[in-house]
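To convert a position in the sequence shown, counted from 1, into the numbering used here, add 18.
Right, one structure below, let's go through it.
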Amino acid sequence: MIRKLFSQKKEEDAQVTTSRTPNNRIEQEMSMRIASDIYSAEAAKFSTLDEIGFSLEDTWKDEEKIYKGGGLQWCTDFAYRSKRMRRIRPNSEDNFVFNSVQIMAANITSNTPEPVIRGTKNQHEVQAKKVQDISRYNDEKNEFKTLWRRTVLEFLKYGPAIIKVCWNSEIYGGKGPDRWIGDVQLLQVRKEDFFPDPAILDLELDIDECKFISQRYRKTLPYIWDRWDYGKYVNNETNTELDIDEGNDSQMAYVYEYFHRGFPEYMPQERKQELLERAEYLEERGYVYKAQDIRDMAESELEGVHVAYYSDGILLEYVPYIYDNGRYPFAYNTRYDDEVSHWGYGEIRNIKIPQVLHNKADEVEMEAMARQGLGGSYYRKNAIDSKQMAAIKEDSGKGGMHFEVNDPEAIKPRDPVQVPSNIPVYKDHKQRMIEVISQVTQIHQGQQSHSGMPYKSVAELGARGDVRMRVAQEKLEQLLVKVNRLRIDLFEQFYTEERYYRVKGPDGETIDDGTFSNEDMYDVWIREVVLTGDGEGQEMKEHFVPDFDITIDIVNAKPTDRNFYANIAFTMHDRQAITVKDLWKTIDEGRLPDLDMVLQHLFAQDSIQGMIAALGELPPEVQEHLMNHHMEELSMAIQQAKQMLAEPDAGTKGGGDGVANPQNQFNKPQQKPQPGRYADTLDYSGGLVGGQNFDTITGR
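Written as structure tokens, this is what we have:
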């Protein structure tokens, strides 16, 4: 029935299009083919997926209601309660689904992953470093933190995670000489607006095998009219998403961005001229082979990816060879794979039934308690008169009251309605089932186990509980690797001019900056030797962007419970890995000291132990000489420090050798780490400070 309705709508739109379209015959044929592909992809979403009869769109809407709660869990198709009954009943909800999904999302997005890019060969490390820096700067411009959080949440809730990597020539920014126009843009794609070829069931691996992929946008009519010449023929289109209110006169329409692979349908003359001019530009700069590829594109002799813009039955624009890499600009992964659908499914699918059953059991318990009420009694007629009953109703809430009645023997307490003991047990069971299915343990919630077991056991249990989450992280890492490979291809194609970039550290400080263009990515090799007219060989060099190894590390969130870190800190202190000061800081702030401080302390401990062992191997007279020598130096340093603190200007009175600011002398960074009490006696070349070496001291 649904497919029949879509087919009927397609025929009606085709008739309307033929009567009012400004497109020529070739454009009309392509427009009708685009409409057919889009309708087939839309119809696939409304096809029945299971024996129950729910379509994919219906399932997504139910899962969204289960996630939101607030009474919506009783409005789902699989657990529907009429509007009349929702008014009568309490509609109890303990929304564990929301909590489970949010905890999983918080654990994954506790840090924002950054690409680590390395050259596959040592000689390509310079290019890899540049590409890594510009990629991280591009993340900042795309507000990747927000995009990442939304993508992960969609991935966990429903299954699909879709990120588009495209070139947007309409965005601009920068100031002064650092201004730029157009940039590589990362966009999260809503599953409702994504229409891939329904014949391909595994988009994770075979997305480039799709005949087409379409994405729709909701755009205002003035935007459409201004951007495309044929835009003035586009009329209002009703929003098919009934939950979204755009007002009575929204003046909006759907624009479909339709990508297809293969040879172009036709080559517009303007696009052909653009490609030929680009080929000439590349050839002038020495990119001979790349220029030939672009010329072949201008003649429609290469397969590639092409894009058409379509709205309201009108083909607005067609751009062959939109991207040089010949790939669709989408990265796609799903939480759980589905053998019969490329959409997969998410966490809500697994825990929505236990959630609804918990709600039902809670209502049964509440109804039993409501029937029991606040107690009461039965009495025989005339055992209490009206005046006595009024006094009982007025003062029954007062403690120690005595009430007059006519016949106390004719009054009997009412037996309460007992709540079945298995109801609370069943509710608790369903809650634990949700936690077990979603793997949301105390570790994931940032808490230490209530069992009080040592931190190592807690860590091991947390690691076991992280097995499924680690699979989710690996899938998201694969998604981001795809994103960065697509992005690197666009850097190569569009970053033809130098652009300023900067890379920030965790505290917002700039740790690297510079300029970047696609020429920084290229390497050169001698592709062939061509014989010239005089019989001599000419080396033909090809510029190419080397392959890069891309790794993404998504770190799962650590527990945030203060006791968890306190236990770790006590154990580290017992093993002399941290100082008492670091131990107190951990207890006070609920976090461990910086890794550098811990390593410095351990290095100091190792140095002291090493020096003590070395002193033990020396003759007694040498040990005594070393101890006396350093005690004298230490005493002199203490006296000098006291004098400088007592006379702040003393450092400036002694000429050029004085210290202008004694405070800076103590706070200035050291060139070498100071490992311990006697560490300053050792030169890292193996000798002693002060111009003396080991042989001089020992007389050897």
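All C-beta atoms in this analysis are idealised placements derived from N, C-alpha and C, irrespective of residue type, glycine included.
Remember, it's a predicted structure, so these values are computed and weren't measured experimentally.
Thinking C-beta only, is residue 448 closer than 8 Å to residue 372? Against a cut-off of 8 Å, the Cβ pair of residue 448 and residue 372 comes out as a contact.
Inter-stretch contact (C-beta, 8 Å, three-pair minimum) for the segment 355-374 and the segment 203-221: Enough Cβ pairs lie closer than 8 Å, so yes.
Leaving aside the five residues before and after residue 523 along the sequence, list all residues of the same chain whose C-beta is less than 8 Å from its C-beta, in chain order. Excluding sequence positions up to five before and after residue 523, its CB lies within less than 8 Å of the CB of 529, all in the same chain and listed in chain order.
Look at the Cβ atom of residue 252, then the Cβ atom of residue 329, and state whether they are nearer than 8 Å. Closer than 8 Å, so yes.
Residues near residue 412 by beta carbon distance below 7 Å, same chain, minus five either side: Scanning its chain for C-beta atoms nearer than 7 Å, with the 5 sequence neighbours on each side dropped, one finds no residue around residue 412.
Taking 8 Å as the threshold (C-beta atoms), are residue 289 and residue 323 in contact? In this structure, residue 289 does not lie closer than 8 Å to residue 323 by Cβ.
Using three-state DSSP, classify residue 594 as helix, strand or coil. The DSSP-derived three-state label of residue 594 is coil.
Assign residue 77 to one of three DSSP states: helix, strand, or coil. Shown here, residue 77 sits in a helix according to DSSP, grouped into three states.
Please give me, in chain order, every unbroken run of the beta strand (DSSP E) with length at least 3 that falls completely inside the segment 325-412. Whole beta strand (DSSP E) segments, 3+ residues: 332-341, 348-352, 354-356, 359-363 and 395-397.
So the beta strand (DSSP E) residue 206 belongs to, where does it begin and stop? Taken as a continuous stretch (DSSP letters only), the beta strand (DSSP E) holding residue 206 covers 198-206.
Separation of residue 177 from residue 452, as counted between CA atoms: Residue 452 and residue 177: Cα-Cα distance of roughly 18 Å.
Residue 100 - DSSP class collapsed to helix/strand/coil: DSSP places residue 100 in coil when its eight states are reduced to three.
DSSP three-state call for residue 92: helix, strand or coil? Residue state, collapsed to three classes: helix.
Would residue 277 pass as a contact of residue 242 if the rule is Cβ separation under 8 Å? Result no, Cβ atoms of residue 277 and residue 242 do not sit closer than 8 Å.
Using 8 Å for Cβ pairs, my map puts residue 44 next to residue 284. What's the rounded Cβ distance? The pair is a contact, with the Cβ atoms about 5 Å apart (cut-off 8 Å).
Exposed or buried, residue 553, counting other C-beta atoms within 10 Å across all chains shown (16 or more means buried)? Exposed.
On a Cα-Cα basis, can you pick out the residue from 281, 286, 513 and 257 that is closest to residue 272? Looking at the Cα atoms, 257 is the closest of the given residues.
Residue 193 to residue 533 span [Cα, whole Å]: Taken atom to atom, the span from the alpha-carbon of residue 193 to that of residue 533 is near 15 Å.
Might you give, ordered along the chain, the residues of its own chain that have their beta carbon closer than 8 Å to the beta carbon of residue 155, omitting 5 neighbours on each side? Taken in chain order, the residues that qualify are 519, 520 and 521.
CB contact flag (residue 332, residue 41, <8 Å): Yes.
8 Å Cβ shell around residue 151 - same chain, five flanking residues per side excluded: Excluding sequence neighbours, residue 151 sits near 519, 521, 530, 532 and 534.
Rounded straight-line distance, which links the Cα of residue 345 to that of residue 325: So the alpha carbons of these two residues sit roughly 12 Å apart.
Just tell me which of 538, 602 and 526 has its CA closest to the CA of residue 517. Among 538, 602 and 526, the Cα nearest to that of residue 517 is on 538.
Check residue 521 in the structure and name its three-state DSSP category. Assigned with DSSP and collapsed to three states, residue 521 falls in strand.
Counting along the chain, where does the alpha helix (DSSP H) carrying residue 224 start and finish? Counting along the chain, the alpha helix (DSSP H) containing residue 224 begins and ends at 221-224.
Can you give me the start and stop residues for the alpha helix (DSSP H) that residue 173 sits inside? Note, residue 173: alpha helix (DSSP H), 162-176.
Here's a check: name, in chain order, each residue in its chain whose Cβ is nearer than 7 Å to the Cβ of residue 85, leaving out the five neighbours to either side. The residues are 115, 116, 119, 175 and 366.
Quick check on residue 531: does DSSP put it in helix, strand or coil? In this structure, residue 531 counts as strand in the three-state DSSP scheme.
Give me, in chain order, the residues of the same chain whose beta-carbon lies closer than 7 Å to that of residue 249; leave out the 5 immediate sequence neighbours on both sides. Excluding positions up to five away in sequence, the list reads 242, 243 and 334.
To the nearest angstrom, how far is it from the Cα of residue 347 to the Cα of residue 327? Each residue's alpha carbon lies about 15 Å from the other.
What is the DSSP secondary structure of residue 419, counted as helix, strand or coil? The three-state reading of DSSP puts residue 419 in coil, since its state is none of H, G, I, E or B.
For residue 154, the first and last residue of its enclosing alpha helix (DSSP H): That run of the alpha helix (DSSP H) goes 143-159.
Assign residue 55 to one of two classes, buried (16 or more other C-beta atoms within 10 Å of its C-beta) or exposed (fewer than that). Under this definition residue 55 is a buried residue.
Pick from 185, 349 and 311 that is closest to residue 560, judged by C-alpha positions: Of the listed residues, the one whose Cα sits closest to residue 560 is 311.
DSSP three-state call for residue 566: helix, strand or coil? In the three-state DSSP reduction, residue 566 falls in the strand class (E or B).
Please state the DSSP three-state secondary structure of residue 441. Helix at residue 441.
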